[in-house]
DNA sequence: CGCCACCTTAAGTTTGCCTTAATCTGGCCC
DNA sequence: GGGCCAGATTAAGGCAAACTTAAGGTGGCG
């Protein structure tokens, strides 16, 4: 998925861009509204992350111009001001979501995934962890180019873990991903699926934290 | 982007025009074929939305005249469900896509975006997946030059899948493509059509993702 | 009016997955 | 070192999803 980041604060932009690229997104950057608009036309990103506090023009105006030029990318607003009026104005002008600074990068990633899902775009919605890549749209999983065939539950589990690499998820949390409310299950299903995943990918790909849960991480 | 809407039904035209303007398109309107043709020459729209059921002249003739005057706008046909087979047959003339009434506005917008994208890339109204090519306007499907005859439902299904190769569509989503509001169906129709498509093309062309849906995969 | 194509149902069959549960392994604390 | 506990492993049965096939209905077209 292609993302255009319009943000004038250098260090913040650096941080976000790095995180996004690390997650597997293609990132274009602009530091002014004007540059952002022309880049949006040229690059046709799936999502535009737009800071409202730009030096050259008001963020909401940038958004309006984007829409006027019929650029239909999803737009996620960043704003330092925590004031409600500006948020409302942004959403009215055609933003799809907003986030107030400061924010956690995880939060940003979560919202991007939501946008992706909502827009139904997800053309190349892909998560990369180590040499394993997980395509959300096609349910394709590959390791170093080798295709790996996963069942539904396995895929769900893997995705849950991959959405936050390094983060530990408890058995309970994982079960919540697998089962809809009210059809809880009482056995070691998660264990079994984890085991099967390890067999299909490679054992060290999923790490056990005794008494806590599982996490994804490069073998270390 | 500039759009010319040729539609005689006032209230429908109002609805469409409003939605389009709200999305950021510039909209011109005509209520007769004759008016549409002259407006097309004057305004040079990027896309023409053309209702086939006009009072003064046959929609297909409008289209032919437009082409004869070498107006190269993309043309999206609107047609009542009933006269689909008879009229679509004569469309080789050069429509780029069509939509049967009644339709959801979202659907219209999606198709406009598709046209836009296609026009921007200078592509024809044809989708290629593997050695299978699907002509949106003429409803022709060929595999390696061999023509394949599909029924209406089969074509609709195939197109839905082909618009995003690799992307998984659920049964539910596919049903939405087949049935307009309020004529939902409760059976395994989709399964059966998929089965028939596989028989006519080749089985592996459509892949099943158990518990999720179907997707198109390249010939291999 | 009657044929033909297509669509929808529905029933029967197949297939692959999920769960269960029983057993095994290895760390950890006494 | 021995026992305990968390997690790993394995295999089998059951079940639901998907496939297949065929019959009945509908509407278009000759």
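Residue numbers (our numbering), protein chains in the order written: chain A, 873 to 1092; chain B, 873 to 1092.
Idealized CB from N, CA, C, for every residue including glycine.
If we call anything under 7 angstroms between Cβ atoms a contact, is residue 1085 of chain B one with residue 1041 of chain B?
The residue you call residue 1085 of chain B lines up with position 213 of the second chain. The residue you call residue 1041 of chain B lines up with position 169 of the second chain. One thing to note: residue 1085 of chain B has its Cβ within 7 angstroms of the Cβ of residue 1041 of chain B.
Note down the Cα distance separating residue 880 of chain B from residue 907 of chain B, rounded to an integer number of angstroms.
Numbered from 1 along the second chain, position 8 holds the residue referred to as residue 880 of chain B. Numbered from 1 along the second chain, position 35 holds the residue referred to as residue 907 of chain B. C-alpha separation (whole angstroms): 11 angstroms.
Using 6 angstroms as the cut-off, classify the Cβ of residue 935 of chain A as near or not near the heavy atoms of the ligand PLP, replying yes or no.
Absent from the structure shown: the ligand PLP. Ligands present: none.
Within chain B, the residues that residue 1016 of chain A reaches when beta carbons sit closer than 8 angstroms
The residue labelled residue 1016 of chain A in the question sits at position 144 within the first chain. Within chain B, no residue comes near residue 1016 of chain A; the closest Cβ sits about 19 angstroms away, beyond 8 angstroms.
Which residue marks the beginning of the alpha helix (DSSP H) containing residue 1087 of chain A, and which one marks its end?
Within the first chain, residue 1087 of chain A is the residue found at index 215, counting from 1. That residue, residue 1087 of chain A, is in no alpha helix (DSSP H); its beta strand (DSSP E) goes 1085-1088.
Does the distance from the CB of residue 942 of chain B to the CB of residue 919 of chain B come in under 7 angstroms?
Against the second chain, residue 942 of chain B aligns to sequence position 70. Against the second chain, residue 919 of chain B aligns to sequence position 47. No, these two residues do not count as a Cβ contact at 7 angstroms.
Cβ-based burial, residue 1026 of chain A [other Cβ within 10 Å; buried from 16]
As a first step, residue 1026 of chain A is located in the first chain; it is residue number 154 there, counting from the start. Counting Cβ neighbours within 10 Å, residue 1026 of chain A comes out buried, since at least 16 surround it.
Please state if the CB of residue 1004 of chain B and the CB of residue 1015 of chain B are separated by a distance shorter than 7 angstroms.
Here residue 1015 of chain B refers to the residue found at position 143 of the second chain. Here residue 1004 of chain B refers to the residue found at position 132 of the second chain. Residue 1004 of chain B is positioned such that its CB atom lies closer than 7 angstroms to that of residue 1015 of chain B.
So is residue 893 of chain B buried or exposed if we call it buried at 16+ other beta carbons inside 10 Å?
On the second chain, residue 893 of chain B is found 21 positions in, with the first residue counted as 1. Result: exposed.
Nearest chain A C-beta to residue 1081 of chain B closer than 7 angstroms, yes or no?
Position 209 of the second chain holds residue 1081 of chain B. With 7 angstroms as the cut-off, residue 1081 of chain B counts as an interface residue toward chain A.
Verify the CB distance criterion: does residue 1009 of chain A have a CB-CB separation below 7 angstroms to chain B?
What you label residue 1009 of chain A is simply residue 137 of the first chain in a count that begins at 1. Output row for residue 1009 of chain A: interface = yes.
Whole-angstrom Cβ separation of residue 909 of chain B and residue 877 of chain B, contact assumed at under 8 angstroms?
Numbered from its first residue, the second chain carries residue 909 of chain B at position 37. Numbered from its first residue, the second chain carries residue 877 of chain B at position 5. The Cβ separation is near 14 angstroms, so there is no contact.
Residue 926 of chain A bridges to which residues according to DSSP?
Here residue 926 of chain A refers to the residue found at position 54 when the first chain is read from its first residue. In the DSSP secondary-structure assignment, residue 926 of chain A is not bridged to any residue.
Under the DSSP definition of a beta bridge, which residues are partnered with residue 921 of chain B?
Looking up residue 921 of chain B in the second chain gives position 49. Answer by DSSP bridge pairing, in chain order: B:877 and B:948.
So with CB distances below 9 angstroms, who are the chain A contacts of residue 843 of chain B?
A question about residue 843 of chain B goes unanswered here, because the residues of chain B that appear run from 873 up to 1092.
What residues are listed by DSSP as bridge partners for residue 972 of chain A?
Here residue 972 of chain A corresponds to residue number 100 of the first chain, with the count starting at 1. According to DSSP, which records beta bridges pairwise, residue 972 of chain A is partnered with A:951.
When you compare the CB positions of residue 905 of chain B and residue 923 of chain B, do they come within less than 7 angstroms of one another, or not?
Position 33 of the second chain, counted from the start, is the residue given in the question as residue 905 of chain B. Position 51 of the second chain, counted from the start, is the residue given in the question as residue 923 of chain B. One thing to note: residue 905 of chain B has its Cβ no nearer than 7 angstroms to the Cβ of residue 923 of chain B.
Classify residue 1007 of chain A: buried if its beta carbon has 16 or more other beta carbons within 10 angstroms, exposed otherwise.
Residue numbering aside, residue 1007 of chain A sits at position 135 when the first chain is read from its first letter. Around the beta carbon of residue 1007 of chain A, a 10 Å sphere encloses 16 or more other beta carbons of the protein chains shown; the residue is thus reported as buried.
Cβ-based neighbour list, residue 917 of chain A, same chain, cut-off 6 angstroms, excluding 5 preceding and 5 following:
Working through the first chain from its first residue, we reach residue 917 of chain A at position 45. Result list for residue 917 of chain A: 874, 875, 876 and 945, in chain order.
Using a Cβ-Cβ cut-off of 8 angstroms (strictly less than) and excluding sequence neighbours within five positions of residue 1038 of chain B, which residues of its own chain qualify?
The residue given as residue 1038 of chain B occupies position 166 in the second chain. Correct list, in chain order: 1087, 1088 and 1089.
Residue 890 of chain A to residue 1078 of chain A, Cα distance in whole Å?
As a working note, residue 890 of chain A is residue 18 in the first chain. As a working note, residue 1078 of chain A is residue 206 in the first chain. Cα to Cα, residue 890 of chain A sits roughly 24 angstroms from residue 1078 of chain A.
Within 7 angstroms of any Cβ in chain B, is that where the Cβ of residue 1024 of chain A sits?
Sequence index remark: in the first chain, residue 1024 of chain A carries index 152 (1-based). With 7 angstroms as the cut-off, residue 1024 of chain A counts as an interface residue toward chain B.
Bridge partners of residue 1018 of chain A, per DSSP?
The count along the first chain starts at 1 and reaches residue 1018 of chain A at position 146. In the DSSP assignment, the residues bridged to residue 1018 of chain A are A:1015.
Between the region 1058-1090 of chain B and chain A, which residues of the former have a C-beta closer than 7 angstroms to a C-beta of the latter?
Taking 7 angstroms as the upper bound on Cβ-Cβ separation, chain A lies near residues 1081, 1082, 1083, 1084 and 1087 of the region 1058-1090 of chain B.
Counted within 10 angstroms of its Cβ, other Cβ atoms place residue 961 of chain B as buried (16 or more) or exposed:
Here residue 961 of chain B refers to the residue found at position 89 of the second chain. With a pLDDT of 47 at residue 961 of chain B, under the threshold of 50, the modelled position of that residue is not reliable, and the figure given next carries that caveat. Residue 961 of chain B comes out exposed.
Would residue 1057 of chain A pass as a contact of residue 1043 of chain A if the rule is Cβ separation under 7 angstroms?
In the first chain, the residue the question calls residue 1057 of chain A occupies position 185. In the first chain, the residue the question calls residue 1043 of chain A occupies position 171. No; because the gap between Cβ atoms is not below 7 angstroms, this pair is not in contact.
Selection from A:1035, A:1034, A:1022 and A:1060 that minimises the alpha carbon distance to residue 1072 of chain A
The residue labelled residue 1072 of chain A in the question sits at position 200 within the first chain. Cα-wise, what sits closest to residue 1072 of chain A is A:1022.
Given this structure, state the Cα-to-Cα distance separating residue 1082 of chain A from residue 985 of chain A, to the nearest angstrom.
The residue you call residue 1082 of chain A lines up with position 210 of the first chain. The residue you call residue 985 of chain A lines up with position 113 of the first chain. About 30 angstroms.
Let me check understanding here. Comparing Cα to Cα, which of A:1018, A:1028 and A:1048 lies closest to residue 1011 of chain A?
Within the first chain, residue 1011 of chain A is the residue found at index 139, counting from 1. Closest option to residue 1011 of chain A, judged by alpha-carbon separation, among A:1018, A:1028 and A:1048: A:1028.
Which residues bound the alpha helix (DSSP H) around residue 1026 of chain A?
Against the first chain, residue 1026 of chain A aligns to sequence position 154. For residue 1026 of chain A, the enclosing alpha helix (DSSP H) covers residues 1024-1034.
From residue 972 of chain B to residue 935 of chain A, what does the alpha carbon distance come to, in whole angstroms?
For the purposes of this step, residue 972 of chain B is identified with residue 100 of the second chain, where counting begins at 1. For the purposes of this step, residue 935 of chain A is identified with residue 63 of the first chain, where counting begins at 1. About 33 angstroms.
Helix, strand or coil for residue 978 of chain B per DSSP?
By one-based count along the second chain, residue 978 of chain B stands at place 106. Correct three-state label for residue 978 of chain B: helix.
Kindly list the residues whose CB is nearer than 6 angstroms to the CB of residue 1091 of chain A, restricted to its own chain and excluding five residues on each side of it in sequence; keep chain order.
Start at 1 with the first residue of the first chain, and residue 1091 of chain A comes out as number 219. Low per-residue confidence applies at residue 1091 of chain A: pLDDT is 43, beneath 50, and the placement is therefore not dependable, though the value from the model is reported in the following sentence. Excluding residues within five positions, the ones whose Cβ falls inside 6 angstroms are 1076.
Contact check, residue 948 of chain A vs residue 969 of chain A, beta carbons under 7 angstroms:
Residue numbering aside, residue 948 of chain A sits at position 76 when the first chain is read from its first letter. Residue numbering aside, residue 969 of chain A sits at position 97 when the first chain is read from its first letter. Yes, these two residues count as a Cβ contact at 7 angstroms.
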